Amino acid sequence: MKRRKPAMTEAFVATSIARRLISRLQATHERRRISVFSGPPGIGKTTAIDEFVRRRPGEVAVVKVARRNAKEVLVLQHTLEALRRLAGSALEHAPSSLWDLRNDLFGAICHWAGAEPTPARRGEYDAAGFPRLTIVFDEAQNLSREAIDGLRYWNDGDRCYAPFPVALAFVGNNEFSLSGSTAAESVISAAVADRALYVQTLAYDDVTDDDLTLFIEARAALDASAVAAVLRSFRTPRALRSLRRVGDLLTELNDLADGAAVTSETVREALQLA
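This note's numbering numbers the first residue of the sequence shown as 910 and each following residue consecutively.
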């Protein structure tokens, strides 16, 4: 019986989309701004967020809300939990009152920054002297317009809800409406869009052949003919250039090869079975 080749470690793959997102998340972080990114599933948005967090240890909180059309209270509860986790706080209770939530969130930010809440509320600290903090909202299509509009006040330099402007990045899939047919349909209000450093929509077409090749080489050991065959299969009009789908195909190829080399014939067989 042939022995299966050991699975390769799923290290970060620096695709063009990942590099672009990380660069713009970094600029958002450094400039304490708001940015909005959207794109279809499977192009590496969450992977880019994870790599950005790894590169900025202790400086980035990630919030993911599963409930659709999540209102401000629920979003702030999740945000409070994420900031406490980032700051190493043992506190767990999250109030249901919006006023109390804002108060606790202010305190959590102060705890993270090593500041006392009372003098911070009085404006006794120089806001520019605080370290940079970014909150990334992954799956941002689940946030309501009301919640997103309320969050901008944590970034506002004038009468900010926080002791200093907190950078905010909203990252959602292609359900995340950046520009509806009317301004009222968009979950991004004019006030948020006006403050945004970046408002960018990505698509499957942004995933290049070089990106797919990088991903394939990082995830599997395929000969050149097999790589070329996989690339051809993702150039067809009906193919979604999703890294997740490429990963699924690589798993299937590995199973079909059963420890032997993956060739263009293996790819052909896998595509016939699909």
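Just so you know, even glycine gets a beta-carbon here, dropped at the ideal spot from N, CA and C. What you are looking at is a predicted structure, and each value in this text was computed from that prediction instead of being measured.
Would residue i be called buried (16 or more neighbouring beta carbons within 10 Å of its own) or exposed?
| i | result |
| --- | --- |
| Ser932 | exposed |
| Ala1092 | Note that Ala1092 scores 47 on pLDDT, short of 50, meaning its location in the model is unreliable; the coordinates nonetheless yield the value given after this. Classification for Ala1092: exposed. |
| Arg977 | exposed |
| His1002 | exposed |
| Asp1164 | exposed |
| Leu1029 | Sequence inspection shows Ala at residue 1029; the Leu mentioned does not correspond to that position. Under this definition Ala1029 is a buried residue. |
| Ser1088 | Low per-residue confidence applies at Ser1088: pLDDT is 47, beneath 50, and the placement is therefore not dependable enough to give any value. |
| Asp1120 | buried |
| Leu1000 | exposed |
| Glu960 | buried |
| Asp1157 | exposed |
Between the options, which lies nearest to residue i when the distance is taken from Cα to Cα?
| i | options | result |
| --- | --- | --- |
| Leu1186 | Ala996, Arg993 and Arg929 | This structure does not reach residue 1186, given that the chain is present from 910 up to 1183, and the question cannot be answered. |
| Ala975 | Arg993, Ala1099, Ser925 and Asp1047 | Asp1047 |
| Ile1044 | Trp1063, Glu1033, Tyr1034 and Gly1038 | Trp1063 |
| Asp1103 | Arg1061, Thr1117, Phe1085 and Asp1120 | Arg1061 |
| Phe1073 | Leu1052, Glu1161, Pro1004 and Leu1042 | Leu1042 |
| Ala923 | Asp1065, Val1116, Glu981 and Leu989 | Val1116 |
| Ala927 | Ala1170, Ala999, Leu1162 and Leu1123 | Leu1123 |
| Ser925 | Thr956, Leu989, Phe1039 and Arg964 | Thr956 |
| His938 | Asp1058, Glu1178, Arg964 and Thr1145 | Arg964 |
| Phe1185 | Asp1067, Leu1000, Ile1057 and Arg1068 | There is simply no residue 1185 to check, as the chain begins at 910 and stops at 1183 in what is shown. |
| Arg940 | Leu1159, Asn1012 and Gly1066 | Gly1066 |
What whole-angstrom Cβ distance do residue i and residue j have, given they're in contact under 8 Å?
| i | j | result |
| --- | --- | --- |
| Tyr1113 | Phe946 | That belief does not hold up - the Cβ atoms of Tyr1113 and Phe946 are roughly 15 Å apart, past 8 Å. |
| Asp1137 | Ser944 | This sequence places Ala at residue 1137; Asp is not what is there. The pair is not a contact, with the Cβ atoms about 37 Å apart (cut-off 8 Å). |
| Val1176 | Ala1148 | Their Cβ separation, rounded to whole angstroms, is 13 Å, which puts Val1176 and Ala1148 out of contact at 8 Å. |
| Leu989 | Leu1010 | 6 Å |
| Val1155 | Lys954 | Contact flag wrong, Cβ pair sits at about 15 Å. |
| Ala1049 | Tyr1034 | Not really, about 30 Å apart at Cβ, beyond 8 Å. |
| Ala920 | Ala1127 | 6 Å |
Is the beta carbon of residue i less than 8 Å from the beta carbon of residue j?
| i | j | result |
| --- | --- | --- |
| Ser1151 | Pro966 | no |
| Thr1172 | Asp1132 | yes |
| Leu1007 | Leu992 | no |
| Ala979 | Ser1095 | no |
| Asn1051 | Gly948 | no |
| Pro1040 | Ala1017 | no |
| Val971 | Val984 | no |
| Ser1005 | Val982 | yes |
| Arg942 | Ala1076 | yes |
| Ala1078 | Leu934 | yes |
Mapping the DSSP letters down to three states, classify residue i as helix, strand or coil.
| i | result |
| --- | --- |
| Val1176 | helix |
| Tyr1107 | strand |
| Ala1078 | strand |
| Phe961 | helix |
| Val922 | coil |
| Lys980 | coil |
| Val1136 | helix |
| Leu1165 | helix |
| Ile1057 | helix |
| Asp1047 | strand |
| Leu992 | helix |
| Leu1042 | coil |
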